[in-house]
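Trainee: First the structure, then my questions, so here it is.
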Amino acid sequence: MHACSDQSPSLLLGLTKGKTSIGCQWVYKIKHRSDGSIERYKARLVAKGFTQLEAVNYQDTFSPIAKIITVRCLLALVAARRWSLHQLDVNNAFLHDDLHEEIYMSPPPRLRRQGEENLVCRLHKSLYGLKQASRQWFSKFSEAIQATGYVQSRADYSLFTIIQGKSFTALLIYVDDILITGNDSVSIAAIKKFLHSQFRLKDLGDLKYCLGIEDAGLLGAAPIDTPMERGLKLSDKSDLLKDPGHYRRLVGRLIYLTISRPDITYSVHVLSKFMYQPRKLHMEAALRVVRYLKNATWQGLFFSSNSDFRLRAYCDSDWAGCPITRRSTTGYYVFLGPSLVSWRSKRQKTVLLSSVEAEYRAMTGACCELTWLRYLLRDLGVLHREPTLLYCDNKAALHIAANPVFHERTRHIEMDCHYIRDKIQDGSVATRFVNSAHQLADVLTKALGKEVFTPMIRKMGVQDIHSPT
């Protein structure tokens, strides 16, 4: 409440005829430190934005947010170039900008005196809960940072960079968390000083904990070596769960863990397909992932200090792998030097006629990711003048991609899938064959046994953070 009054003192007034007001409520939260201890208790007054009327008291609501892949690329860059990485936290970020709309809000009951039950306050500043609050904050921040000469990335609007002679500085904003890095400590100190002059924020020093990525609460189970039973194909044939909410909450938490755990991505992808009507068999599979996490609690991604900054990708598909829809699964990994920065496991949108077609579509998906990453890395000062290597274990799919011809077995393939041909021809991408035994993307398209799974995830860069090596 003090933050609200500091940003925008308000007076109670009567509501003008023809105007409407929105309500508000208190939201309570316990904020934890990176080690899990309690930092402080928070009470926040939020507006009931769900009662706002479009075109009356809000217009646009979209606000960009930093892509987690951008965060990984930044971490890989920092590790390889041995830069320092600073973190700032903006206090009450959504309260900073002025509102352009006329919005009235009923104050909390305990702040009204007798006889003031029908009075409202007009909001001059943005407030948590308003539909436009996030957009208002990002607009104010981006306007301020660009006024200093920083350039907004076209690949990720949350990334801002500046080049001054040999000095390079990058700034990434994730809601109210700000990451700053670069090769010049003077430039970093200057932008931190500027931000302090514009916003109320805390300098958290070197980055230790960002985006709340943690495994807490999923460890009460016996450990196991793989997240899913080898060759398992989940169907919808067992009994429905009496309480589907528990399954949905568990899978939701597992989805969040895939931000930093590529080793469980395929298993969680399979489990997430049954959120609507989860069954006992699905819950058993979800609990197996928990058991695996218990056995791999301290595993995480490592970013190498030695890197040539070359992009390379591995893609694969599991043709007609879904026993319910017979749709295929696309999987791909992308490395920046030796560091894993992007991965995906996704069911393809249509039933395909052959494994070749499924592999070709997977290649196109990986190619699109590589194209975007080349743009992003260019903004981070990493140029790729040579073709990016894309590895696939299907020679027929490689032949189709490299030879722009049509015949009766491929002419039905949707035109967007031929995007990879254009990228091969313009020199952005070059395809290579990889033996199935060395196809890392297998981990994202099928459930593997321990003897294959464990060495695969080690090659991906998933390691024990307590290991002496």
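So in the numbering used here, the last spot in the sequence shown is 558, and the numbers never skip. Ideal Cβ positions, reconstructed from N, Cα and C, are used throughout, including at glycine.
For leucine 360, which residues of its own chain have a beta-carbon under 8 Å away from its beta-carbon, when the five flanking residues on both sides are left out?
Mentor: Here residue 360 is taken as the residue at index 271 of the sequence shown, counted from 1. The residues are Leu323, Val340, Leu343, His371, Ala374, Ala375, Val378.
Trainee: Measure the alpha-carbon distance for proline 412 versus alanine 278 and round it to whole angstroms.
Mentor: Residue numbering aside, residue 412 sits at position 323 when the sequence shown is read from its first letter. Residue numbering aside, residue 278 sits at position 189 when the sequence shown is read from its first letter. Their Cα atoms are separated by approximately 56 Å.
Trainee: To which residues does DSSP link tyrosine 421 through a beta bridge?
Mentor: Residue mapping note: residue 421 aligns to position 332 of the sequence shown, counting from 1. DSSP output for tyrosine 421 lists Cys404, Arg433 as bridge partner(s).
Trainee: Which whole-angstrom value is the C-beta distance of tyrosine 381 and isoleucine 313, which I expect to be below 8 Å?
Mentor: Residue mapping note: residue 381 aligns to position 292 of the sequence shown, counting from 1. Residue mapping note: residue 313 aligns to position 224 of the sequence shown, counting from 1. Between isoleucine 313 and tyrosine 381 the Cβ distance is about 5 Å, and since that is below 8 Å, they are a contact.
Trainee: Nearest by alpha-carbon distance to alanine 420: which of Gly389, Thr140, Tyr355, Glu446 is it?
Mentor: Within the sequence shown, residue 420 is the residue found at index 331, counting from 1. Checking the sequence shown, residue 420 turns out to be glycine, not alanine. Residue Tyr355 is the option with its Cα nearest to glycine 420.
Trainee: Keeping to the same chain, check which residues put their C-beta closer than 6 Å to that of threonine 477; ignore five residues upstream and five downstream.
Mentor: Counting from 1 along the sequence shown, the entry for residue 477 is found at position 388. Leu400, Leu459, Val518, listed in sequence order.
Trainee: Note down, in chain order, each residue of its chain lying with its Cβ closer than 6 Å to the Cβ of arginine 547, except the 5 sequence neighbours on either side.
Mentor: Start at 1 with the first residue of the sequence shown, and residue 547 comes out as number 458. If we look at arginine 547 and ignore the five residues flanking it on each side, it has no Cβ neighbours.
Trainee: Rounded to whole angstroms, what's the CA-CA distance from isoleucine 267 to serine 247? Just pull it up for me.
Mentor: Counting from one through the sequence shown, the residue named residue 267 turns up at place 178. Counting from one through the sequence shown, the residue named residue 247 turns up at place 158. Spanning the alpha carbons of isoleucine 267 and serine 247 requires a straight line of approximately 10 Å.
Trainee: Give me the residue from Ser349, Pro197, Leu216 with the minimum Cα distance to asparagine 207.
Mentor: Translated into the one-based positions of the sequence shown, residue 207 becomes position 118. When each option's Cα is compared against that of asparagine 207, the closest is Pro197.
Trainee: Less than 8 Å between the CB atoms is what I'm expecting for isoleucine 269 and leucine 212, so what's the real figure, rounded?
Mentor: Along the sequence shown, one-based indexing puts residue 269 at 180. Along the sequence shown, one-based indexing puts residue 212 at 123. Actually they do not touch by this definition, with Cβ atoms about 31 Å apart.
Trainee: In chain order, what residues of the same chain lie with their CB nearer than 6 Å to the CB of phenylalanine 227, ignoring the 5 residues before and after it?
Mentor: The residue labelled residue 227 in the question sits at position 138 within the sequence shown. Excluding sequence neighbours, phenylalanine 227 sits near Ser152.
Trainee: For serine 417, which residues in the same chain have their Cβ closer than 7 Å to its Cβ, ignoring the five residues on either side in sequence?
Mentor: On the sequence shown, position 328 is the one that residue 417 refers to. These residues qualify, in order along the chain: Ser406, Asp407, Trp408, Ala409, Gly410, Gln437, Leu441, Ala447.
Trainee: With distance defined between alpha-carbon atoms, name the residue in Arg319, Ser434, Asn384 nearest to isoleucine 348.
Mentor: Locating residue 348 in the sequence shown gives position 259, where the first residue counts as 1. Nearest of Arg319, Ser434, Asn384 to isoleucine 348, Cα basis: Ser434.
Trainee: Roughly how far, in whole angstroms, is the beta-carbon of serine 393 from the beta-carbon of alanine 233, given that I think they are within contact range, below 8 Å?
Mentor: Residue numbering aside, residue 393 sits at position 304 when the sequence shown is read from its first letter. Residue numbering aside, residue 233 sits at position 144 when the sequence shown is read from its first letter. Incorrect: roughly 35 Å between the Cβ atoms, too far for contact.
Trainee: Spell out the partners DSSP gives tryptophan 115 in its beta bridges.
Mentor: Residue mapping note: residue 115 aligns to position 26 of the sequence shown, counting from 1. Note: tryptophan 115 sits in a beta bridge opposite Leu134.
Trainee: Is leucine 529 a contact residue of the ligand SAH, with contact defined as CB to any heavy atom under 8 Å?
Mentor: With respect to the ligand SAH, the structure shown offers nothing to examine, as it has no ligands at all.
Trainee: Using only the alpha-carbon positions, how far apart do lysine 106 and glutamate 191 sit?
Mentor: Position 17 of the sequence shown, counting from 1, holds the residue named residue 106. Position 102 of the sequence shown, counting from 1, holds the residue named residue 191. Their backbone Cα atoms lie some 14 Å apart in a straight line.
Trainee: Pick out the complete alpha helix (DSSP H) segments inside the stretch 153-214, 4 residues or longer, and give them in chain order.
Mentor: 157-170
Trainee: Alpha carbon to alpha carbon, how far is lysine 282 from glycine 138? Give it in angstroms, no decimals.
Mentor: Along the sequence shown, read from residue 1 onward, the residue named residue 138 stands at position 49. Along the sequence shown, read from residue 1 onward, the residue named residue 282 stands at position 193. For glycine 138 and lysine 282, the distance between alpha carbons rounds to 34 Å.
Trainee: In this structure, how does DSSP classify valine 240 when only helix, strand and coil are distinguished?
Mentor: Position 151 of the sequence shown holds residue 240. In the three-state reduction of the DSSP assignment, valine 240 falls in the strand class.
Trainee: What whole-angstrom Cβ distance do alanine 165 and glycine 426 have, given they're in contact under 8 Å?
Mentor: The residue given as residue 165 occupies position 76 in the sequence shown. The residue given as residue 426 occupies position 337 in the sequence shown. The pair is a contact, with the Cβ atoms about 7 Å apart (cut-off 8 Å).
Trainee: Report the rounded CA-to-CA distance for proline 367 versus glycine 454, giving the unit in angstroms.
Mentor: Counted from its first residue, the sequence shown places residue 367 at position 278. Counted from its first residue, the sequence shown places residue 454 at position 365. For proline 367 and glycine 454, the distance between alpha carbons rounds to 29 Å.
Trainee: Excluding the 5 residues preceding and the 5 following tryptophan 172 in the sequence, name in chain order all residues of the same chain whose CB lies nearer than 7 Å to its CB.
Mentor: Mapped onto the sequence shown, residue 172 falls at position 83. Within the same chain, tryptophan 172 has close Cβ partners Thr270, Gly271, Asn272.
Trainee: Leaving aside the five residues before and after arginine 337 along the sequence, list all residues of the same chain whose C-beta is less than 8 Å from its C-beta, in chain order.
Mentor: The residue labelled residue 337 in the question sits at position 248 within the sequence shown. Excluding residues within five positions, the ones whose Cβ falls inside 8 Å are Met364, Pro367.
Trainee: Identify the residues that DSSP records as bridge partners of arginine 342: which are they?
Mentor: On the sequence shown, position 253 is the one that residue 342 refers to. None, per the DSSP bridge assignment.
Trainee: Pull up the distance between the alpha-carbon of valine 264 and that of lysine 229, whole angstroms please.
Mentor: In the sequence shown, the residue the question calls residue 264 occupies position 175. In the sequence shown, the residue the question calls residue 229 occupies position 140. If I take the Cα positions, the gap works out to 12 Å.
Trainee: Put cysteine 457 into one of helix, strand or coil per three-state DSSP.
Mentor: Working through the sequence shown from its first residue, we reach residue 457 at position 368. Three-state DSSP puts cysteine 457 in a helix.
Trainee: Could you tell me which uninterrupted beta strand (DSSP E) segments, each at least 3 residues in length, are contained entirely in the stretch 267-296, listed from first to last along the chain?
Mentor: Taking only runs of at least 3 residues, the beta strand (DSSP E) segments lying wholly in the stretch 267-296 are 290-295.
Trainee: Indicate whether glutamine 141 and leucine 219 have their beta-carbon atoms separated by less than 9 Å.
Mentor: Residue mapping note: residue 141 aligns to position 52 of the sequence shown, counting from 1. Residue mapping note: residue 219 aligns to position 130 of the sequence shown, counting from 1. The answer is yes: Cβ separation under 9 Å.
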